[in-house]
C-alpha cells in the first residue's frame, strides 16, 4: 500500500510517518512543497527510507494529479491556515484514483456550524470530498497530552509545556478525550487498512480527563501546589468577540486568529463538552475503543511521569517562540 | 407515544398523519399555526381524532416550549420557504424534552455545500440540532412517484401530472430512488419506533428508475408515443445562473426561486446521480431496504396504472395553479 502524506514534517505528520514506519508494510511518500525538498526535516525523512515527492498545492490540476498518481491512501496533515488548499487536492485525488483520502481533521470533536471557525473550514473540505464521491475517513484525535498540562511553580517542566499561560475553561469538571501525539500515527496505521473506517468519521483517543483531574494528578506526581485560574464561558466569549473585532481590520494577524481559535476550542471541549466519546457517537463517529480495544496506548500518567523526569518533548517549538514574543508585547494568548 | 407534526396538512404531513393512523398506537398532535386552526384541512384532522394544538413558529421561546411539552417525537414537515423557522423550534424541543426530532428533510439525497440551496438551508438546521445534542433522525424520501412522470399527448393524465412541462435531465439514463408519497407516512410509522434510526440519516425509497425507463413504461402502459426532450447539464446550469441573476434584484420572486431549486434538483438526481442508494450509503444513510426488507410498498407500475385508470391524485394543487399562471406569463418553470 502506497501512502502519501502531505505535511509529513509537521507535528501530526511526523507522528503519522513514525506510526506507519513502526507498523511496517507501507510505502510512504512524503508530498513536500518544492521549497522544502532540501530542508533538514525533509532530509531526515529520506534517511528513514521515505520517498519524497514534490507537491505544490497551488499548482495546476494536472500537476496535482501527476503528483498523486499511484498513491492508494492520501493523508493530509497540513497547517490550520491551509485547509482550503485541500479542495483542489481532493479533486485531483479523485482523478488520480486515490482509494482513500484522509483530509486534515486531527482535531477534537466539534460540531459544524459556528462553534469553531477552523472546524467549519474543514467542513467545507469534507463537503467537497463527499460531492466528489471520493472514499474518505475523517479522523479526529481529541486533545493532545502534549498541550494538556500547565507549568509547575518550580519551572522544572517549562521545557515541555505545550501552551504557556494555560487557564482552566468553565468549572474544570468537563471530561475531554486526550491522546498522546505519538499514538496518533499508530492509530492511523490501523485505520487505513481497516474497511470498517471507510467513509466514516473516527475518533481516536486514549483517556478521558477533566482539567481539575489533570491539576490533581500533576500536583500528586510533582509534590507541587498549582494555582487554578478559571475562565468562565462569558470570559471566553468576550475574548472571541474582542478578537473578531480586531480581525475585522487585521484579518491576517496570526495572534488574533490564535486567540479566537483557542478560545473556541476551550468553549467546545471545556464548557460544551463536545470532545467526549458519547457525543462523538451521537455525531456518527466510531471510536478507537470500539475498533481497537487491544490498542496499547500510552497512559496520561505515564506521559506526565516522562515529562517530570525531564524526558518529555515539547511541541510547536516555532509557535511557542511566536507566542512568547507576542506575550512580551502584551498580547493575550487564549 | 405522543407524536407532534408540524405541517400536518401539507403533502408530506398528510402522508405522515395517514401513515401513523394506519399503523395505530400513536397519539398524534397536529401543531398548527393559530390562523389555520379553523381551516377546513385542520377540521378534517380533528374529525380523524387528531388533537390540534396552536403553534406559532415566530412566537417566543416560552410559547414554543409550552406547545411542545409532552411530545415524545416531533416531526417537521414545513414548507421549503420556512426551513430556518426550525432553529428556534429545535431549541425549544430540546428544552421541552422531545425524545426524537425529525427535522424537515423529506427530499432526495443531496450532499451539502453548494449543490442545492434548499438542501444547504436544511444543513443549517441539522447542524443546529447536532449542536443541541437533540436526538434526531434525518429522513429523506427520494423523488415522489407523483412528480416523476410526464403528460401524455392525449391529455388523459393531465389531471394527475405533478410537474407540467417536464423535460429529461442529462441523457436520461441516471437511476434515481422513487417513492410513492402515500408510503412515506408508512415508513415514518416504523422509523419513529426503531432505535436503529436514532441519530441517523435514513433514506426511504421504493424503486430505482431512470427517466428513460419511466418514459418507456408509460408508453407501454398507455399505448401512446412520448416526445423526449432533454436538458443538458449546461442548459440546467444556465437556467440556475439566469435565476440567480434575476433573484439578485427580486429575492422574493417565487417563480425564480422555483426555477433555481428545480434545476438544482434535476442536476443532482438526474445528472450527478446523487439520489441513489449506493451514494446515500457512502454519505452515511441507512436505507429502508436494509431496515424493512418486508415493507409492502406500492410499485411504480401499479401507481402508473392507477393514474391511467383515472384514479390518481394530483399533488401541490395550489402550486400547480401558480405555475400554470406563471407559464401563461412566459415564465420558465424548470
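Chains as they are written, first to last, in my numbering: chain A, 26 to 359; chain B, 26 to 359.
Glycine is no exception: its CB is placed at the ideal position from the N, C-alpha and C atoms.
It should be emphasised that the depicted structure is a prediction, and the values quoted were computed from it without experimental measurement.
Secondary structure of residue 28 of chain A (DSSP, three-state): strand.
Along the stretch 115–141 of chain A, the beta strand (DSSP E) occurs as fully enclosed runs of 3 or more residues at 125–127, listed in sequence order. Counting the other CB atoms within 10 Å of its CB gives residue 287 of chain B a total of 16 or more, which places it among the buried residues. The beta carbon of residue 90 of chain B sits closer than 8 angstroms to those of 117, 120, 121, all from its chain and outside the five residues before and after it, given in chain order. Distances from the CA of residue 212 of chain B to each of B:318, B:93, B:236, B:75 were compared; the closest alpha carbon is that of B:318.
Out of B:62, B:55, B:83, B:86, the CA that lies nearest to the CA of residue 74 of chain B is found in B:55. Counting C-beta pairs with one atom in each stretch, the stretch 92–105 of chain B and the stretch 322–333 of chain A have fewer than three that are closer than 8 angstroms, which means they do not touch. In the structure shown, residue 179 of chain A falls within a coil segment according to DSSP collapsed to helix, strand and coil. Closer than 9 angstroms to the CB of residue 309 of chain A there is at least one CB belonging to chain B.
Burial state of residue 321 of chain A is exposed, judged by a 10 Å Cβ sphere holding fewer than 16 other Cβ atoms. For residue 296 of chain A, no chain B residue has a Cβ inside 8 angstroms of its Cβ, as the nearest lies near 13 angstroms away.
Under the three-state reduction of DSSP output, residue 222 of chain A falls in the helix class. In the three-state DSSP reduction, residue 317 of chain B falls in the coil class, being neither helix nor strand. With fewer than 16 neighbouring CB atoms inside 10 Å of its own CB, residue 184 of chain B falls in the exposed class. Rounded to whole angstroms, the gap between the alpha carbons of residue 113 of chain A and residue 86 of chain A is 7 angstroms. Taking 7 angstroms as the Cβ-Cβ cut-off, the stretch 198–230 of chain A approaches chain B at 224, given in chain order.
For the 9 angstroms CB-CB criterion, residue 257 of chain A and residue 333 of chain A do not form a contact. For residue 148 of chain A, a Cβ of chain B is located within less than 9 angstroms of the residue's own Cβ. In the structure shown, the three-state DSSP call for residue 270 of chain A is helix. DSSP places residue 99 of chain B inside the beta strand (DSSP E), whose first and last residues are 98–101.
At least one C-beta of chain B is nearer than 9 angstroms to the C-beta of residue 156 of chain A.
About 7 angstroms separates the beta carbon of residue 217 of chain A from that of residue 28 of chain A, a gap short enough to meet the 8 angstroms contact definition. At least one CB of chain A lies nearer than 9 angstroms to the CB of residue 137 of chain B. Under the DSSP definition of a beta bridge, residue 162 of chain B partners with B:225.
Here DSSP, grouped into helix, strand and coil, assigns residue 249 of chain A to coil. Proximity of chain A to residue 290 of chain B at the Cβ level (cut-off 9 angstroms) is not reached, the minimal Cβ distance being about 15 angstroms. Against chain A, the CB of residue 152 of chain B has a partner CB under 9 angstroms away; the residue lies at that interface.
For residue 128 of chain B, not one C-beta of chain A is nearer than 9 angstroms to its own C-beta. The beta-carbon distance between residue 222 of chain B and residue 162 of chain B, rounded to whole angstroms, is 5 angstroms. This is short enough to meet the 8 angstroms contact definition. If you draw a straight line from the Cα of residue 201 of chain B to the Cα of residue 165 of chain B, it comes to about 13 angstroms.
Counting the other CB atoms within 10 Å of its CB gives residue 289 of chain A a total of 16 or more, which places it among the buried residues. Looking only at A:47, A:53, A:346, A:177, the smallest Cα-Cα distance to residue 242 of chain A is reached by A:177. Neighbours of residue 140 of chain A across chain B, judged by C-beta separation under 8 angstroms: 156. Following the DSSP letters along the chain, one finds residue 40 of chain A inside the alpha helix (DSSP H) bounded by residues 36–48. About 6 angstroms separates the Cβ atoms of residue 102 of chain A and residue 35 of chain A, confirming a contact at the 8 angstroms cut-off. In this structure residue 297 of chain A is buried. Its beta-carbon is surrounded by 16 or more other beta-carbon atoms within 10 angstroms.
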